[in-house]
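Chains as they are written, first to last, in this note's numbering: chain D, 68 to 347; chain A, 68 to 347.
Glycine included, C-beta positions come from ideal geometry on N, C-alpha and C.
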């Protein structure tokens with residue numbers, strides 16, 4: 068077994084799926100779940116995502132050799148700092164947060180003796196939330212991005228890399244800042260755009276829509292609190308992505324105003340080229 | 068049988084599906100396909116979408132009692148005007164165009180003796196194109212919007228209503244101008260936004276994306292020529308929709324700048340409310 072006892076802090080879609088996958092793949096002997104809602108922990112236990120649950124953070128991490136923090140992005144750093152003093156020596160932290168740089172910086176600013184953290188972002192979110200949507204195969208074939216820095220413990224990095232692979236995901240490494248810039252484009256901007264689009268359409272028009280609107284707005288069904296946290300954690304990069312998107316939108320506005328058919332076909336072709344490269 | 072002979076002008080995804088559905092449902096004795104590409108017509112015939120094909124418009128419509136124009140939106144009015152003199156008396160035109168007001172206006176400006184046209188828009192498009200993607204069940208359960216005016220022949224309207232229902236679709240009626248304003252929001256804006264989003268993302272970032280970007284940009288894979296025609300045909304309404312969307316996007320930009328978490332949650336919740344009403 069890769070780990071003896073794993074503690075999962077925050078047992079929702081991601082945390083629950085980590086638990087289910089860890090049990091299914093025999094990655095750990097014991098999976099402990101920690102959360103603020105005892106009823107949710109009971110549900111997670113009944114679903115087999117955790118072996119036992121607790122609402123007490125020190126108690127949750129006490130015997131863990133791996134702690135996976137799956138809280139909303141804006142609470143990951145503070146959760147790690149609160150938990151660290153209660154961990155055993157050699158315990159390793161990783162997480163499931165959609166943003167990385169702010170977390171890495173916050174932990175750098177508050178040096179904690181013996182704290183070993185390997186930042187991770189499994190690209191396996193969904194517009195669905197909650198442990199009731201967790202799946203043992205959520206990470207299967209998906210990409211997990213680790214964002215180590217030059218101070219990241221090499222042995223811990225190797226173990227965390229093996230951990231996310233053992234859950235079924237592919238693993239790659241990126242600089243935290245680059246991760247946040249790239250994900251601002253590939254994940255946070257799409258969410259912002261989908262949400263802005265949905266918010267633009269009057270309810271009484273929905274009966275006259277088809278698959279196009281459904282696909283384009285799908286992620287806007289995600290949890291507003293989770294996404295507010297992500298967008299704020301990745302605030303500067305998200306704003307830059309929004310600005311780049313607006314430039315593109317302004318081009319379209321001008322092409323329409325000029326009734327520039329050829330320019331419009333070219334503009335649409337550029338989008339299609341990227342979309343086609345993405346696959347179905 | 069509802070019709071004796073149907074002529075389909077433009078045998079791609081929509082035209083081919085009209086043919087397949089008409090044959091499958093026994094809506095017409097004969098289905099004639101007309102297009103500029105003889106090889107495509109051969110393919111359509113082999114797929115069973117048409118009984119025979121011709122590249123000659125007068126020959127295609129000569130014996131038809133229903134002509135379904137499925138060319139790109141910007142060629143529908145001119146195609147009807149070209150075909151009308153060659154039709155038999157009592158022939159009815161309908162179409163599959165995504166925009167309606169410009170077509171209705173163009174035909175009003177060029178009054179043609181005996182021309183009977185019932186404008187239609189089956190909401191059954193896709194990012195896929197071509198007769199090879201046509202399906203007999205493409206319209207099944209989908210909505211077809213008819214946009215009659217006060218000069219539309221009542222008996223023809225009834226027959227065209229029955230025709231689109233017989234292909235499997237639900238049918239509703241809207242004023243042409245309202246159709247275009249609503250569809251600018253529910254279809255043309257989503258396409259514009261998806262395409263702008265895809266065009267914003269550098270190719271080398273695609274490897275770091277997941278389902279969110281794929282869903283949000285899916286329709287950007289559509290045919291640039293077809294979509295340029297649609298956006299230009301519905302130019303003023305599309306620009307108004309783009310402006311409304313930009314207002315929404317600017318709100319987000321300001322909320323991020325102000326780090327307004329509560330405002331952000333509220334903004335995201337408004338989008339989620341619309342998205343949730345749309346269903347999966």
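Would you verify that the beta carbon of residue i is, or is not, closer than 8 Å to some beta carbon of chain D?
i	result
residue 68/A	no
residue 312/A	yes
residue 161/A	no
residue 328/A	yes
residue 279/A	yes
residue 258/A	yes
residue 145/A	no
residue 284/A	yes
Would you verify that the beta carbon of residue i is, or is not, closer than 8 Å to some beta carbon of chain A?
i	result
residue 200/D	no
residue 291/D	yes
residue 76/D	no
residue 123/D	no
residue 272/D	yes
residue 240/D	no
residue 138/D	no
residue 261/D	yes
residue 211/D	no
residue 294/D	yes
residue 320/D	yes
residue 184/D	no
residue 84/D	no
residue 268/D	yes
residue 204/D	no
Excluding sequence positions up to five away, which residues of its chain have a Cβ less than 8 Å from the Cβ of residue i?
i	result
residue 291/A	none
residue 208/A	235, 236 and 237
residue 318/D	334
residue 180/D	none
Quick one: what's got a C-beta closer than 7 Å to residue i's C-beta in the same chain, skipping five residues either side?
i	result
residue 232/D	238
residue 167/D	186, 188, 214, 243, 246 and 247
residue 195/D	80
residue 157/A	132
residue 140/A	164, 165, 166, 296, 297 and 300
Kindly identify the DSSP beta-bridge partner or partners of residue i.
i	result
residue 100/D	75/D and 120/D
residue 189/A	211/A
residue 95/A	70/A
residue 161/A	135/A and 185/A
From residue i to residue j, what distance separates their C-alpha atoms?
i	j	result
residue 134/D	residue 229/D	15 Å
residue 154/D	residue 108/D	21 Å
residue 183/A	residue 251/A	26 Å
residue 289/A	residue 90/D	43 Å
residue 205/A	residue 285/A	18 Å
residue 275/D	residue 304/A	15 Å
residue 163/A	residue 316/D	28 Å
residue 323/A	residue 298/D	8 Å
residue 312/D	residue 104/D	39 Å
residue 173/D	residue 82/A	59 Å
residue 131/A	residue 74/A	6 Å
residue 148/A	residue 142/A	10 Å
residue 296/D	residue 333/A	13 Å
residue 347/A	residue 281/D	7 Å
residue 257/A	residue 178/A	35 Å
residue 337/D	residue 302/D	27 Å
residue 266/D	residue 307/A	15 Å
residue 16/D	residue 119/A	Given a span of 68 to 347 for chain D in the structure shown, any question on residue 16/D remains unanswerable.
residue 255/D	residue 283/A	11 Å
residue 326/A	residue 171/D	20 Å
residue 225/A	residue 261/D	38 Å
Any idea what DSSP makes of residue i, helix, strand or coil?
i	result
residue 312/D	helix
residue 237/D	strand
residue 264/D	helix
residue 182/D	coil
residue 317/A	helix
residue 206/D	coil
residue 299/D	helix
residue 196/D	coil
residue 290/D	coil
residue 141/A	helix
residue 269/D	coil
If you measure from the CB of residue i, is any heavy atom of the ligand ATP nearer than 7 Å?
i	result
residue 91/A	Absent from the structure shown: the ligand ATP. Ligands present: none.
For residue i, collect the residues of the same chain with a Cβ closer than 6 Å to its Cβ; drop the 5 residues on either side in sequence, then sort them by chain order.
i	result
residue 87/D	116, 201 and 203
residue 43/D	Summary: the structure shown does not reach residue 43/D, with chain D confined to residues 68 through 347, and so no result is reported for it.
residue 63/D	Any property of residue 63/D remains undetermined from this structure, which presents chain D solely from 68 to 347.
residue 220/D	183
Determine, using beta carbons only, whether residue i comes closer than 8 Å to chain B.
i	result
residue 235/D	Among the chains of the structure shown, chain B does not appear; the protein chains present are D and A.
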